[in-house]
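S.K.:
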Ligand SMILES: Cc1cc2nc3c(=O)[nH]c(=O)nc-3n(C[C@H](O)[C@H](O)[C@H](O)COP(=O)(O)OP(=O)(O)OC[C@H]3O[C@@H](n4cnc5c(N)ncnc54)[C@H](O)[C@@H]3O)c2cc1C
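Numbering (the numbering used here), first residue to last: 9 to 423.
Below is the structure:
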């Protein structure tokens, strides 16, 4: 594995880092102030639109898309360090049009959308004009097993429409006024005539269709995450044209698997950026603060926190790069163990670094005066979202158990 960055990556990296220094970090406070003071907390604040225009003008746009017809055409390995830098600020990914869940939804449309679906929904998403939601999780069933979902997508008797019913929650982004389209997962074979993984389908449901109701937005540890939010949505006899089905009936599970691979690794890349920023903040703080007669940085325990954080970040980054390299070279299916591994490793490593940084900051660490508390909430989510740790661990273990032992190693020494 060669982890030296390509010239293209180095060029993008330098430009993104410069953009972050010049325009992102100095505007984080403005962003949150505008959200808090605006007339409507669920509208995107003006500073975001200004920064999006600037990022696009500088060619720092849609970098996540490996497809060069629609995006920058970067491999996962080339995108990894760029995504990491974007992860250093909670507001940055949207500025570069590289934010979840829109990235995953755009990838679904690129891969599985018809020409009409691309024209109607992908184009404005690529332009950052609208936002989208992914509606899979349901309040009433254990959704970490997606075969449990109960929502229905039923063909109308005339055959020209589908009728959608169900209740979804944790639909990230659906609180935003510009969120216009959802990718909805439901059952097209409720009787279970088909195999377990072919009973579900995905369909495009515009959020202004009659019968769609945003019931509420949920908070995460008290953060409502305006202006995006995580919504609970009811769908009652929602009628959409039959052409809105994605790929084909019965392909919901296959699409979900295709969507979640890249989405998961992007989260991990951003997590490493979070951890790097937390470590930087911690180091600056402990160098400049004294207790009991010497700088905190000279307390042995704090030096241990710093060293452990550096080591854990390096380990998580190397595994993320390995997973990205495998996705590029042998494909997402072959890389599924590495993707599952990193989905456990990166958020957990980041949470440990954040916890140390918060502790080193003392009371300030849990306040809103540093980004640490909001980062912690975001990272904690990722031990659940896109699959809980336990499900990924089970996948890693299953793949490990399937391996054939090497002949010599399989024999007991004493036999
Ligand atoms: C902030 C946030 C944003 C989200 N965004 C989205 C979104 O945009 N769209 C969307 O559709 N969903 C989204 N989700 C939902 C998320 O993907 C689910 O919460 C997750 O898949 C778990 O499903 P569940 O909540 O139904 O938990 P359950 O399935 O009820 O599982 C509960 C717990 O059981 C344990 N468990 C489950 N399976 C196993 C196993 N095999 N072995 C051992 N233990 C197990 C785990 O500890 C798990 O946390 C989001 C969630 C959060 C918190």
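Each residue gets a CB set at the ideal place from its N, CA and C atoms; glycine is no exception.
Please go through the same chain and pick out, in chain order, the residues whose beta-carbon is closer than 8 Å to the beta-carbon of residue 367, but skip the five residues on each side of it.
M.R.: Within the chain shown, numbered from 1, the residue matching residue 367 stands at position 359. Around residue 367: 313 and 373.
S.K.: Which class does residue 249 belong to by DSSP, given the choice of helix, strand or coil?
M.R.: Within the chain shown, residue 249 is the residue found at index 241, counting from 1. Three-state DSSP puts residue 249 in a strand.
S.K.: Just checking residue 236 against ligand 1 - is the residue's beta carbon closer than 7 Å to any of the ligand's heavy atoms?
M.R.: For the purposes of this step, residue 236 is taken as the residue at position 228 of the chain shown. Residue 236: no, Cβ never under 7 Å from ligand 1.
S.K.: Kindly identify the DSSP beta-bridge partner or partners of residue 238.
M.R.: Position 230 of the chain shown, counted from the first residue, corresponds to residue 238. Answer is 180 and 226.
S.K.: Among residues of its own chain, excluding the 5 on either side of residue 112, which ones have a beta-carbon nearer than 6 Å to its beta-carbon?
M.R.: The residue you call residue 112 lines up with position 104 of the chain shown. 267 and 271, listed in sequence order.
S.K.: By Cβ distance below 6 Å, which residues in the same chain neighbour residue 283 in space, the five residues on each side in sequence not counted?
M.R.: Stepping through the chain shown from its first residue, residue 283 is reached at position 275. These residues qualify, in order along the chain: 321, 358 and 361.
S.K.: Grab me the residues of residue 214's own chain with a C-beta within less than 7 Å of its C-beta, minus the 5 sequence neighbours each way, in chain order.
M.R.: For the purposes of this step, residue 214 is taken as the residue at position 206 of the chain shown. 188 and 189.
S.K.: Pairing CB atoms from the region 281-297 with CB atoms from the region 197-207, are three or more of them under 8 Å?
M.R.: Cβ pair count under 8 Å is below three, so no.
S.K.: Per the contact definition of three or more C-beta pairs closer than 8 Å, is the region 317-333 in contact with the region 344-352?
M.R.: Contact holds: three or more Cβ-Cβ distances are below 8 Å.
S.K.: Could you pull out every unbroken beta strand (DSSP E) segment of at least 3 residues lying fully inside the region 123-184, listed in chain order?
M.R.: Whole beta strand (DSSP E) segments, 3+ residues: 139-143, 160-163 and 169-180.
S.K.: Can the beta-carbon of residue 172 be found closer than 8 Å to that of residue 211?
M.R.: Sequence index remark: in the chain shown, residue 172 carries index 164 (1-based). Sequence index remark: in the chain shown, residue 211 carries index 203 (1-based). Yes.
S.K.: Quick one: Cα of residue 304 to Cα of residue 397, how far?
M.R.: As a first step, residue 304 must be located in the chain shown, where it is residue number 296. As a first step, residue 397 must be located in the chain shown, where it is residue number 389. Whole-angstrom Cα-Cα distance: 34 Å.
S.K.: Could you give the first and the last residue of the continuous alpha helix (DSSP H) run that contains residue 28?
M.R.: Here residue 28 corresponds to residue number 20 of the chain shown, with the count starting at 1. Neither: residue 28 is in no alpha helix (DSSP H) and is coded neither H nor E.
S.K.: Just the Cα atoms here: how many angstroms apart are residue 20 and residue 273?
M.R.: Within the chain shown, the letter at position 12 stands for residue 20. Within the chain shown, the letter at position 265 stands for residue 273. So the two alpha carbons sit approximately 19 Å from each other.
S.K.: Please classify residue 292 as buried or exposed, where buried requires at least 16 neighbouring CB atoms within 10 angstroms.
M.R.: To locate residue 292, count along the chain shown from 1; it is residue 284. Exposed is the call here.
S.K.: Measure the C-alpha to C-alpha separation of residue 192 and residue 144 and round it to an integer number of angstroms.
M.R.: What you label residue 192 is simply residue 184 of the chain shown in a count that begins at 1. What you label residue 144 is simply residue 136 of the chain shown in a count that begins at 1. Distance between the alpha carbons of residue 192 and residue 144 is about 6 Å.
S.K.: Flag this pair as yes or no: are the beta carbons of residue 3 and residue 391 separated by less than 8 Å?
M.R.: The question about residue 3 has no answer here: the residues shown for the chain are numbered 9 through 423.
S.K.: Taking the alpha-carbon positions, what's the residue 248 to residue 380 distance?
M.R.: Stepping through the chain shown from its first residue, residue 248 is reached at position 240. Stepping through the chain shown from its first residue, residue 380 is reached at position 372. For residue 248 and residue 380, the distance between alpha carbons rounds to 43 Å.
S.K.: With a threshold of 8 Å on Cβ separation, who are the neighbours of residue 149 within its own chain once the five nearest residues in sequence on each side are excluded?
M.R.: Within the chain shown, residue 149 is the residue found at index 141, counting from 1. Cβ within range, chain order: 156, 157 and 158.
S.K.: Can you tell me which of the three DSSP states residue 106 falls into?
M.R.: Counted from its first residue, the chain shown places residue 106 at position 98. Looking at residue 106 - three-state DSSP - the assignment turns out to be coil, as it is neither helix nor strand.
S.K.: At a threshold of 7 Å, does residue 191 count as lining ligand 1 (C-beta to nearest heavy atom)?
M.R.: Within the chain shown, numbered from 1, the residue matching residue 191 stands at position 183. No; taking the cut-off as 7 Å, the Cβ of residue 191 has no heavy atom of ligand 1 nearer than that.
S.K.: At what residues does the alpha helix (DSSP H) containing residue 371 begin and finish?
M.R.: Locating residue 371 in the chain shown gives position 363, where the first residue counts as 1. Run containing residue 371: none; DSSP gives neither H nor E here.
S.K.: For ligand 1, enumerate in chain order all residues having a CB closer than 6 Å to any of its heavy atoms.
M.R.: Counting every residue whose Cβ lies closer than 6 Å to a heavy atom of ligand 1, we get 109, 142, 143, 144, 145, 150, 151, 152, 178, 179, 180, 228, 238, 389, 392, 393, 394, 395, 396, 398, 399 and 402.
S.K.: Quick check on DSSP: helix, strand or coil for residue 212?
M.R.: Residue 212 sits at position 204 when you count from the first residue of the chain shown. It is a strand residue.
S.K.: Could you compute how far the alpha carbon of residue 88 sits from the alpha carbon of residue 107?
M.R.: On the chain shown, position 80 is the one that residue 88 refers to. On the chain shown, position 99 is the one that residue 107 refers to. For residue 88 and residue 107, the distance between alpha carbons rounds to 14 Å.
S.K.: If you draw a straight line from the C-alpha of residue 218 to the C-alpha of residue 246, how long is it?
M.R.: For the purposes of this step, residue 218 is taken as residue 210 along the chain shown, with counting starting at 1. For the purposes of this step, residue 246 is taken as residue 238 along the chain shown, with counting starting at 1. So the two alpha carbons sit approximately 6 Å from each other.
S.K.: Measure the alpha-carbon distance for residue 228 versus residue 385 and round it to whole angstroms.
M.R.: If you number the chain shown from 1, residue 228 lands on position 220. If you number the chain shown from 1, residue 385 lands on position 377. Those two C-alpha atoms are separated by around 7 Å.
S.K.: Taking contact to mean at least 3 C-beta pairs separated by less than 8 Å, is the region 256-265 in contact with the region 230-240?
M.R.: As far as the Cβ criterion goes, the region 256-265 does not touch the region 230-240, which means the pair count is below three.
S.K.: Checking the sheet assignment: what are the DSSP bridge partners for residue 194?
M.R.: Counting from one through the chain shown, the residue named residue 194 turns up at place 186. According to DSSP, residue 194 bridges with 209.
S.K.: In the DSSP assignment, find the alpha helix (DSSP H) that holds residue 317 and state where it starts and stops.
M.R.: Residue numbering aside, residue 317 sits at position 309 when the chain shown is read from its first letter. Run containing residue 317: 308-337, per the alpha helix (DSSP H) assignment.
S.K.: Do the CB positions of residue 59 and residue 31 come within less than 8 Å of each other?
M.R.: The residue given as residue 59 occupies position 51 in the chain shown. The residue given as residue 31 occupies position 23 in the chain shown. Yes, they are a contact pair.
S.K.: Under DSSP, the alpha helix (DSSP H) around residue 66 begins and ends at which residues?
M.R.: Reading the chain shown from its first residue, position 58 is the one you call residue 66. That residue, residue 66, is in no alpha helix (DSSP H); it is neither H nor E in DSSP.
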